[in-house]
Amino acid sequence: MEQAPLNREATPNIQEALSQAEQEHWLERPNAPLAIRLASFVLDMIFIYLFIHGQHRLLQALSIYSATSNHSLVFLLNPFFLGFLDVFVRTGFLFFYLVFSVSQFGGTVGNLLLGLRVIDAQSGRTLTLGRSISRLLFGLSTNLLSLAVAMSRPDGRSLHDLLSKTIIKKVRGRT
Amino acid sequence: MILLVPTSPEVPRFHRPTWSVSWIVAILLIFCYVQFYPIVQADQDYIDRFQELKEDGHLKDSAAEARYLSQRPLLSLSISPKSWSVERALFSNFIHGGALHLILNLIGVIAGVRICTTFIPFLCTLSIFIIGGSLGLLSSIWITTAGGGDWVPHLGASAGLFALMGTYYVYNFRFRTSYFFWFPSKHGHISLKTSWFFFLDVILLELLLSTAQLLPSSFDGVDHIAHVGGFVAGCVLALSLRAIQRWPSMLQTRGEFLYWTTFLGEKLKSSGFDPVQATFVGWMELLKINFFNDQLKSKLARHLANHSASFSDEQIKAAMRFFGPTFIRLFPADMASLIQALNQNGQSLPPDWLKRIPYDNIIRIAQSLATSKENEGTILSLVLSYQRAHQSNKKLSQRLEVLIKQMEKITPNRLQASGE
Chain A
-13 MEQAPLNREA TPNIQEALSQ AEQEHWLERP NAPLAIRLAS FVLDMIFIYL FIHGQHRLLQ
47 ALSIYSATSN HSLVFLLNPF FLGFLDVFVR TGFLFFYLVF SVSQFGGTVG NLLLGLRVID
107 AQSGRTLTLG RSISRLLFGL STNLLSLAVA MSRPDGRSLH DLLSKTIIKK VRGRT
Chain B
63 MILLVPTSPE VPRFHRPTWS VSWIVAILLI FCYVQFYPIV QADQDYIDRF QELKEDGHLK
123 DSAAEARYLS QRPLLSLSIS PKSWSVERAL FSNFIHGGAL HLILNLIGVI AGVRICTTFI
183 PFLCTLSIFI IGGSLGLLSS IWITTAGGGD WVPHLGASAG LFALMGTYYV YNFRFRTSYF
243 FWFPSKHGHI SLKTSWFFFL DVILLELLLS TAQLLPSSFD GVDHIAHVGG FVAGCVLALS
303 LRAIQRWPSM LQTRGEFLYW TTFLGEKLKS SGFDPVQATF VGWMELLKIN FFNDQLKSKL
363 ARHLANHSAS FSDEQIKAAM RFFGPTFIRL FPADMASLIQ ALNQNGQSLP PDWLKRIPYD
423 NIIRIAQSLA TSKENEGTIL SLVLSYQRAH QSNKKLSQRL EVLIKQMEKI TPNRLQASGE
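Shown next, in the form of structure tokens:
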């Protein structure tokens, strides 16, 4: 795949030069095979299910407890508050897992476990929070179509990656 | 469909646990299941009869129901919140309510016993399984809120299994675990940090579910509190055992520990009374036994960095063999301080080591060095040495040339750094 050359002239210090070298290195790594990406997706679904299932059960038990208990502070556990807490915790977790981790660490837990890294297709940089959110939204809105596109392309890039100008590279293991 | 199954701690082949001892516990569990199956069956019939009596109106109040349930046959073998004894708590670990319950626990127990024997003798493993499991079950009957479950038997090997899990985390928390993975196009082994899965297994899976069980309404037939209790008991027992054994925190396997306690003293005597050389010999000997031990490698790297002038090029070369790509990715700061110290003393990096280190490792070390402006010369020297070692790789060499030119613009001291 053709990559645009990086602008090395504007480098102000050694750390920048090394970061650019690292980004170029990521770009030269092979694209992640579809099978590994699917495996990382399944792993992510398992982890997300475990957390959401656990916290939902906990809140469900709290709700039953609040209905049966005579404790003086039980009014804090009213259905409105518990419902709000449920949505808040779940949204916070999903934001951290699917958006923040991609922008901060270069991938979700599943990606990182299997040695994948989500980067900008042009510069090799990790995504900003905004890019990470837009990539997730593209992914959610195109889901199966995105998979079909990935299966039909020789480089294995999915539709939401193409739309958000990102690419997933396999950063561990030999090329 | 994918699989990711922990198989053993990441250790050399000859340290890997064997299956043989875990079958002893498995056979014990199967024997107990077969031996006491009539009592389990009688208990099932007893409960069916209880439902019939309740529907027919023969059991008029809760006191009558409690009187009837207190005579459950299974309570002669296992414990419940209203009826327990230490002997029955110990025995409950070997009793199962059905074939599926037994099979699921057998898989876990076989794997757990096998994996724990990498660190501790079989009898210690078995003791932790029984004592930790019993404490887990007892904690469950003491903590569970009073209610409809007063006469429900708490049994099964799962609390003991969680005690073994706790033992494994105590001994291997700072090291890695080898997982077997399988998905349609590929399969093999992958090593991941044990601490990552500690958070996934224990925090995500069990703590949330057991907190829910603390409240009066139970959602499933699984005793999550016994699991957490067993896990905590296993951790405490393993920590106590480690303290009694005086197990140093940087040792991973039992083989290293036995060598440390039995043979290392003699070996060190032969290296004389120089503490710097004796420490070097000690870490090197242990690394020869387990070359996956990153804690030892970290200690060795720091030791070399602190006393680099005391070691010959041959010793440096021998030590650098242990600093592979994974170690550098996990401990770039240790490698950076070692390379800085070697550079300061005018000692060169072994070309063999540079040849087998991937490019991203060099970038990581350089990034770690770049936190201080004083190290710019060392970084340049490192990249130059790396380029020299990879001259045959044209593409990499060109890329490094670009990086060197870039760095030269920032730091105009190439000649000084390379010592040319």
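Protein chains in written order, with this note's numbering: chain A, -13 to 161; chain B, 63 to 482. Even for Gly, the Cβ is constructed at its ideal location relative to N, Cα and C.
Listing by chain order, which chain B residues have their CB less than 7 angstroms from the CB of residue i?
i: Ala3 (chain A); result: Leu465, Gln468, Met469, Ile472
i: His11 (chain A); result: Tyr421, Asp422, Ile425
Would you identify the three-state DSSP class for residue i, choosing helix, strand or coil?
i: Gly344 (chain B); result: helix
i: Val67 (chain B); result: strand
i: Asn352 (chain B); result: coil
i: Gly218 (chain B); result: coil
i: Ser253 (chain B); result: strand
i: Ile154 (chain A); result: strand
i: Thr80 (chain B); result: coil
i: Asn129 (chain A); result: helix
i: Phe243 (chain B); result: strand
i: Leu145 (chain A); result: helix
i: Asn17 (chain A); result: strand
i: Arg238 (chain B); result: strand
i: Ser434 (chain B); result: coil
i: Asp374 (chain B); result: Inspection of the sequence shows that residue 374 (chain B) is occupied by Ser rather than by Asp. If DSSP states are grouped into helix, strand and coil, Ser374 (chain B) belongs with coil.
i: Gln6 (chain A); result: helix
i: Met312 (chain B); result: coil
i: Phe293 (chain B); result: helix
Roughly how many angstroms separate the alpha carbons of residue i and residue j, rounded to a whole number?
i: Arg111 (chain A); j: Gln9 (chain A); result: 6 angstroms
i: Lys156 (chain A); j: Leu349 (chain B); result: 30 angstroms
i: Gln453 (chain B); j: Ser332 (chain B); result: 42 angstroms
i: Val87 (chain B); j: Leu99 (chain A); result: 33 angstroms
i: Tyr321 (chain B); j: Thr256 (chain B); result: 24 angstroms
i: Asn17 (chain A); j: Ile177 (chain B); result: 36 angstroms
i: Ala403 (chain B); j: Ile427 (chain B); result: 13 angstroms
i: Ser142 (chain B); j: Gly92 (chain A); result: 49 angstroms
i: Asn(-1) (chain A); j: Val464 (chain B); result: 15 angstroms
i: Gly386 (chain B); j: Asp422 (chain B); result: 12 angstroms
i: Asn455 (chain B); j: Val445 (chain B); result: 14 angstroms
i: Tyr241 (chain B); j: Asp285 (chain B); result: 27 angstroms
i: Met137 (chain A); j: Ala21 (chain A); result: 10 angstroms
i: Ala451 (chain B); j: Phe373 (chain B); result: 23 angstroms
i: Val294 (chain B); j: Ile190 (chain B); result: 11 angstroms
i: Leu223 (chain B); j: Asn167 (chain B); result: 8 angstroms
i: Leu(-8) (chain A); j: Ser5 (chain A); result: Caution is warranted here: a pLDDT of 47 is assigned to Leu(-8) (chain A), below 50, making its placement in the model unreliable, and the coordinate value is therefore given only provisionally. Spanning the two alpha carbons is a distance of roughly 12 angstroms.
i: Arg103 (chain A); j: Ile89 (chain B); result: 46 angstroms
i: Ser26 (chain A); j: Gly101 (chain A); result: 9 angstroms
i: Asp375 (chain B); j: Leu330 (chain B); result: 21 angstroms
i: Phe98 (chain B); j: Thr187 (chain B); result: 25 angstroms
i: Gly116 (chain A); j: Leu122 (chain A); result: 10 angstroms
i: Gln103 (chain B); j: Arg111 (chain B); result: 12 angstroms
i: Phe67 (chain A); j: Phe37 (chain A); result: 20 angstroms
i: Gly228 (chain B); j: Thr323 (chain B); result: 25 angstroms
i: Gln307 (chain B); j: Tyr51 (chain A); result: 45 angstroms
i: Phe124 (chain A); j: Leu149 (chain A); result: 7 angstroms
i: His120 (chain B); j: Ile287 (chain B); result: 34 angstroms
Residue i: buried (16+ other C-beta within 10 angstroms of its C-beta) or exposed?
i: Asn129 (chain A); result: exposed
i: Ile165 (chain B); result: exposed
i: Asn56 (chain A); result: exposed
i: Lys359 (chain B); result: buried
i: Leu62 (chain A); result: exposed
i: Tyr35 (chain A); result: exposed
i: Gly296 (chain B); result: buried
i: Gly195 (chain B); result: buried
i: His251 (chain B); result: exposed
i: Pro100 (chain B); result: exposed
i: Ala(-10) (chain A); result: Since pLDDT at Ala(-10) (chain A) reaches only 45, below the 50 mark, its modelled position is unreliable, and the value read off the structure follows with that caveat. Ala(-10) (chain A) should be labelled exposed.
Just the chain A side, please: which residues come within less than 9 angstroms of residue i by C-beta, in chain order?
i: Ile441 (chain B); result: Ile0, Leu4
Residues of chain A with a CB under 7 angstroms from the CB of residue i: which are they?
i: Ala432 (chain B); result: Ile0, Gln1, Leu4
i: Leu254 (chain B); result: Leu99
i: Glu438 (chain B); result: Ile0
Give me the chain A residues within the contact set of residue i, using Cβ-Cβ distance strictly less than 8 angstroms, ordered along the chain.
i: Gln429 (chain B); result: Gln1, Leu4, Ser5, Glu8
Under a CB-based cut-off of 8 angstroms, is residue i close to chain E?
i: Thr256 (chain B); result: The displayed structure is made up of protein chains A and B, and chain E is not among them.
Let me check you understand the geometry: is the CB of residue i closer than 7 angstroms to at least one non-hydrogen atom of the ligand GDP?
i: Ile105 (chain A); result: As for the ligand GDP, it is missing from this structure, which has no ligand bound.
Report the start-end ranges of each alpha helix (DSSP H) in the stretch 95 to 168 of chain B that is 4 residues or longer and not cut off at the edges. 99 to 118, 124 to 131, 148 to 154
Pick out the complete alpha helix (DSSP H) segments inside the stretch 33 to 113 of chain A, 4 residues or longer, and give them in chain order. 65 to 80, 87 to 91, 95 to 99
Where in the stretch 377 to 429 of chain B do unbroken runs of the alpha helix (DSSP H), each at least 4 residues long, occur, reported from the N-terminal end onward? 387 to 392, 394 to 406, 413 to 418
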